[in-house]
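Notes follow the structure.
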Amino acid sequence: MPLTPTLAAWGNSFTAYGGKPVDTGETKGTIKADKLNATTIQDGVEWTHFEETIKDFILARLGHPVVRVELTPFQLKTCVDEAVGVMYHHAPLFATNMVTFDASAGYNIYTLPTYILDNLEYVVYKKTLLSIQQSAGTLEFDFFIKYFQDNYLFQNFGVGDFYLLQQNLEMTRKILGQEGAFDVINNNQLVIYPKPVVTPQTVIVVYRALDSDTMHPAYRNWIQQYALACAKGTLGQIRGKYATVPSPGGGAKLNGEALVREADKEKEVLLKRLLDEFEEPPRFSCY
């Protein structure tokens, strides 16, 4: 039976040692990850301040209020959700956050909020990664002290060799299974291996989640532009149902097809920009 732990502390790059107490069980800012792309017409449309800035950007770029924009609030909401959802999926490295909770001895399955597990980065729950002290005769002592005694005690310090040694230690930890491993089940349960043997055992979780209060203006603008492209596509589909609209001057031709083409092209460009400029490069690990 999985446990639902109480999140103990939350932090990011600017958090004091030990983290800050968790005050809510939601992401920071006004982005509600569990609400993205989950609204129906019957639910009604409620806008947060962050979503209002995107909606107003869309309407302004489409010509409102000078030109009538034939989009309902729900259609605008779907465009906003799609744009935020795409950015959330590719959350850049600047969105890194950390949270801790106390695990219990004998239990290794814990139910965590999906906004944490959506973009999970790393989990660690061993205070000393090799679970042994650096005393004479131990593995860490031999690796660090003996190696540098024999090679660099009376020579210049080699940063490259030290980095290679760190990689070697990482492989050793993973092979011996002392660092602990983790997995995610059903996108809401965290499994840690091996089972904790003491209570409490502090678990540190590193994840990425957007914070609308601290988001860089460039990322906010990317969301606005992608939502605008989505809105153009929807508006183009609506206007494309009618070739012309009767008018005293002989009829007005709508720009439905042009809007759909613009939307497809802009989405392609924005997605390429997201992968090239915003999302961090892939990481490589050696086992």
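Convert by adding 693 to the 1-based position in the sequence shown; the result is the number in this note's numbering.
Backbone N, C-alpha and C define an ideal beta-carbon position, used for all residues, glycine too.
Check, Outcome
"If I follow the unbroken alpha helix (DSSP H) through I734, where does it start and stop?", "No alpha helix (DSSP H) contains I734, which DSSP labels as neither H nor E."
"If we count the other Cβ atoms within 10 Å of its Cβ and call it buried at 16 or more, is G873 buried or exposed?", "buried"
"What's the gap between the Cα of L696 and the Cα of V953?", "48 Å"
"Out of P889, A731 and Q735, state which residue places its alpha-carbon closest to the alpha-carbon of F794.", "P889"
"Is it right to say T807 is buried, meaning 16 or more other beta carbons lie within 10 angstroms of its own, or is it exposed?", "exposed"
"Near D811, which residues of its chain fall below 6 Å by C-beta distance, leaving aside the five closest residues on each side in sequence?", "none"
"What whole-angstrom Cβ distance do V899 and Y815 have, given they're in contact under 8 Å?", "4 Å"
"Going straight from the alpha carbon of Q930 to that of L813, what length do you get?", "37 Å"
"Note the first and the last residue of the continuous beta strand (DSSP E) segment covering Y803.", "I802 to T804"
"Measuring alpha carbon to alpha carbon, tell me which of R966, W915 and N801 ends up nearest T892.", "N801"
"Where DSSP assigns a beta bridge to R901, which residues make up the other side?", "T789"
"Using 8 Å as the threshold, is the C-beta distance between V896 and A796 below it?", "yes"
"Secondary structure at L967, three-state DSSP: helix, strand or coil?", "helix"
"For K960, tell me which candidate among Q917, G933, P766 and I885 has the shortest Cα-Cα distance.", "Q917"
"Is the beta carbon of L764 less than 8 Å from the beta carbon of A924?", "yes"
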